[in-house]
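**Student:**
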Amino acid sequence: MKYLFELSKEHKKIPTSEIIACLKSENICFSIIESNEDVFIVETDSDDFNFKRFSERLSYTYYIDRYLFSCPPSIVDLKKEAIKNKIESKGSIAVRCKNRSKNINSQDIIRTLADVYSSGREVELDNPDLEVRGLITDSAVYIGLKLIEINRSQFEERKVQFRPFFSPISLHPKIARLMVNLSSIKNNETLLDPFCGTGGILIEAGIIGAKIIGSDIEEKMIEGCKKNLDFYKIKNYKLFCSDIGDISKDIGKVDAVVTDLPYGKSTTTKGEDMSKLYERAFKNISTLLKENGKAVIGLSNKDFINLGKKYFSIIEKHDLRAHRSLTRYFVVYQK
Ligand SMILES: C[S@@+](CC[C@H](N)C(=O)[O-])C[C@H]1O[C@@H](n2cnc3c(N)ncnc32)[C@H](O)[C@@H]1O
Numbered sequence: 125m126k127y128l129f130e131l132s133k134e135h136k137k138i139p140t141s142e143i144i145a146c147l148k149s150e151n152i153c154f155s156i157i158e159s160n161e162d163v164f165i166v167e168t169d170s171d172d173f174n175f176k177r178f179s180e181r182l183s184y185t186y187y188i189d190r191y192l193f194s195c196p197p198s199i200v201d202l203k204k205e206a207i208k209n210k211i212e213s214k215g216s217i218a219v220r221c222k223n224r225s226k227n228i229n230s231q232d233i234i235r236t237l238a239d240v241y242s243s244g245r246e247v248e249l250d251n252p253d254l255e256v257r258g259l260i261t262d263s264a265v266y267i268g269l270k271l272i273e274i275n276r277s278q279f280e281e282r283k284v285q286f287r288p289f290f291s292p293i294s295l296h297p298k299i300a301r302l303m304v305n306l307s308s309i310k311n312n313e314t315l316l317d318p319f320c321g322t323g324g325i326l327i328e329a330g331i332i333g334a335k336i337i338g339s340d341i342e343e344k345m346i347e348g349c350k351k352n353l354d355f356y357k358i359k360n361y362k363l364f365c366s367d368i369g370d371i372s373k374d375i376g377k378v379d380a381v382v383t384d385l386p387y388g389k390s391t392t393t394k395g396e397d398m399s400k401l402y403e404r405a406f407k408n409i410s411t412l413l414k415e416n417g418k419a420v421i422g423l424s425n426k427d428f429i430n431l432g433k434k435y436f437s438i439i440e441k442h443d444l445r446a447h448r449s450l451t452r453y454f455v456v457y458q459k
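Just so we're aligned, residue 125 is where the sequence shown starts under our numbering, counting upward by one.
1. In whole angstroms, what is the alpha-carbon distance linking Lys373 and Asp317?
2. Using the Cα positions of Gly258 and Pro292, report the straight-line distance between them to the nearest angstrom.
3. Determine the contact status of Ile346 and Cys365, defining contact as a CB-CB distance below 8 Å.
4. Do you know whose CA, among Tyr361, Val378 and Lys434, lies nearest Tyr402's CA?
5. According to DSSP, what are the bridge partners of Thr168?
6. If I follow the unbroken beta strand (DSSP E) through Lys414, where does it start and stop?
7. Would the C-beta of Leu315 count as close to ligand 1, meaning under 7 Å from any of its heavy atoms?
8. Kindly give me the distance between the Cβ atoms of Asp253 and Ser216, rounded to whole angstroms, as I take these residues to be in contact under 8 Å.
9. Which residues does DSSP pair with Val284 in a beta bridge?
10. Quick check: the Cα distance between Ser155 and Asp162, rounded to an integer number of angstroms?
11. Could you check if Met398 belongs to the surroundings of ligand 1, using beta carbon to heavy atom distance under 7 Å?
12. Would you list, in sequence order, the uninterrupted beta strand (DSSP E) runs of no fewer than 3 residues that lie entirely inside the region 293-358?
13. Starting from Thr140, trace the alpha helix (DSSP H) in both directions and tell me its first and last residue.
14. Under 6 Å Cβ to Cβ from Phe193, same chain only, skipping five residues before and after it: list those, please.
15. Which word fits Ser213, buried or exposed, when buried means at least 16 other C-beta atoms lie within 10 angstroms of its C-beta?
16. Assign Met303 to buried or exposed, taking buried as 16 or more other Cβ atoms, counted over all protein chains shown, within 10 Å of its Cβ.
17. Below 6 Å CB to CB, which residues in the same chain sit around Ile341 once its five sequence neighbours on both sides are set aside?
18. Using only the alpha-carbon positions, how far apart do Ser399 and Glu280 sit?
19. Would you tell me roughly how many angstroms separate the C-alpha atoms of Val382 and Ser230, rounded to the nearest one?
20. Considering Cα atoms alone, identify which of Asn352, Ile309 and Asp354 is closest to Leu182.
21. At the level of alpha carbons, what is the spacing between Leu269 and Arg235?
22. Note down, in chain order, each residue of its chain lying with its Cβ closer than 6 Å to the Cβ of Glu158, except the 5 sequence neighbours on either side.
Here it is as structure tokens:
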């Protein structure tokens, strides 16, 4: 089966990296057909994977479609390809297009697709059995049969101000989910956030079914984090108050560490020099993480990225505007 992912375009690399990490977490083998800022198209043999669970994880994708075809944005090509790529499934149909080009008129494209795909079928715009989706860009039109629209409003609904406890350090849920996904954590594996603060990362990891462990040097953070986890009815968690250096080895080795390190502005470092704290953090995270496990770490300064190289190899790194005045660096390290 070929899948077409319509990307949110909020970042050049992040939406694709997130999908790849989630495909890996579901053990799905895939080959890439096309990858650019608008779409990610893959072919996979495994049609029996947990598609619902997989699609519910994503935060930087709009839609997943069954890929039909792509072609240059010309009506002649479009008609030829649509005739070649018939839809076998029965049922009523709707054709919809999203136009990301300022130079192309989408009406002609919709009409051409509708002519081919609605022939011999009922057209039902409100509640169709089948929805043909076109994504129009300057260089190509991508056509798919809708499988699922990603529920991205959930991330806005969980924004920090709607929680019992929050602080200016709290990450936006969409970014916290992204970090969790980049770790490729599997359902039921254990994820540790040793600088958990208000619990933004733990909430997202708990929702996708990971077992979670959180710790923080501040007692009030742990109390607030507990309130937040209970608020979202997350069950499988352990929380404790600890300095990063004192996290007991008896929590066992964890499958992934996902954390947002203090950046010294509004978060406390208890007066410790940032590079010393980061050095200790990398060392202890590597002790707590199982062999080959991934640590996804948010940093405020790109100069700190290389501190982790002593303990890990760097798999990928991304920069992202986390708040209006703050760029965060998200690095995926592997032990
Ligand atoms: C950037 S915040 C984490 C924010 C969190 N991701 C959230 O969504 O709320 C960093 C946290 O590290 C904690 N912290 C600072 N120094 C620490 C240390 N030495 N050991 C453990 N936690 C520490 C702070 O109390 C703060 O809650």
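C-beta: ideal position from N, C-alpha, C; glycine also.
**Tutor:** On the basis of the data shown:
1. Residue 373 sits at position 249 when you count from the first residue of the sequence shown. Residue 317 sits at position 193 when you count from the first residue of the sequence shown. Each residue's alpha carbon lies about 14 Å from the other.
2. Counted from its first residue, the sequence shown places residue 258 at position 134. Counted from its first residue, the sequence shown places residue 292 at position 168. Approximately 40 Å, taken between the alpha carbons.
3. Mapped onto the sequence shown, residue 346 falls at position 222. Mapped onto the sequence shown, residue 365 falls at position 241. Yes, the pair counts as a contact, with Cβ atoms nearer than the cut-off.
4. Numbered from 1 along the sequence shown, position 278 holds the residue referred to as residue 402. Minimum Cα distance to Tyr402 is reached at Lys434.
5. The count along the sequence shown starts at 1 and reaches residue 168 at position 44. DSSP, once it has assigned bridges, lists Phe154 as partnering Thr168.
6. In the sequence shown, counting from the first residue as 1, residue 414 sits at position 290. Counting along the chain, the beta strand (DSSP E) containing Lys414 begins and ends at Leu413 to Leu423.
7. On the sequence shown, position 191 is the one that residue 315 refers to. No; taking the cut-off as 7 Å, the Cβ of Leu315 has no heavy atom of ligand 1 nearer than that.
8. Within the sequence shown, the letter at position 129 stands for residue 253. Within the sequence shown, the letter at position 92 stands for residue 216. With 8 Å as the limit, Asp253 and Ser216 qualify as a contact, their Cβ atoms being about 5 Å apart.
9. As a working mapping, residue 284 is identified with position 160 in the sequence shown. Secondary-structure assignment with DSSP links Val284 through no beta bridge to anything.
10. Translated into the one-based positions of the sequence shown, residue 155 becomes position 31. Translated into the one-based positions of the sequence shown, residue 162 becomes position 38. Their backbone Cα atoms lie some 18 Å apart in a straight line.
11. Position 274 of the sequence shown holds residue 398. Not so, every heavy atom of ligand 1 lies at least 7 Å from the Cβ.
12. Segments of the beta strand (DSSP E) lying fully in the region 293-358: 314-317 and 335-340.
13. What you label residue 140 is simply residue 16 of the sequence shown in a count that begins at 1. Counting along the chain, the alpha helix (DSSP H) containing Thr140 begins and ends at Ile138 to Ser149.
14. Taking the first residue of the sequence shown as position 1, residue 193 is located at position 69. Hits under 6 Å: Glu205, Asn209 and Ile267.
15. The count along the sequence shown starts at 1 and reaches residue 213 at position 89. Exposed, because fewer than 16 other Cβ atoms sit within 10 Å of the Cβ of Ser213.
16. The residue given as residue 303 occupies position 179 in the sequence shown. Counting Cβ neighbours within 10 Å, Met303 comes out buried, since at least 16 surround it.
17. By one-based count along the sequence shown, residue 341 stands at place 217. Listed in chain order, the non-local C-beta contacts of Ile341 below 6 Å within the same chain comprise Asp367, local neighbours out to five positions each way being set aside.
18. Numbered from 1 along the sequence shown, position 275 holds the residue referred to as residue 399. Numbered from 1 along the sequence shown, position 156 holds the residue referred to as residue 280. Going by the C-alpha atoms only, they are around 34 Å apart.
19. Taking the first residue of the sequence shown as 1, we reach residue 382 at position 258. Taking the first residue of the sequence shown as 1, we reach residue 230 at position 106. Each residue's Cα considered, the two are about 42 Å apart.
20. If you number the sequence shown from 1, residue 182 lands on position 58. Of Asn352, Ile309 and Asp354, the residue nearest in Cα terms is Ile309.
21. Your numbering for residue 269 matches position 145 in the sequence shown. Your numbering for residue 235 matches position 111 in the sequence shown. In a straight line, the C-alpha of Leu269 is about 16 Å away from that of Arg235.
22. One-based indexing of the sequence shown puts residue 158 at position 34. Only Ile165 meet the Cβ criterion.
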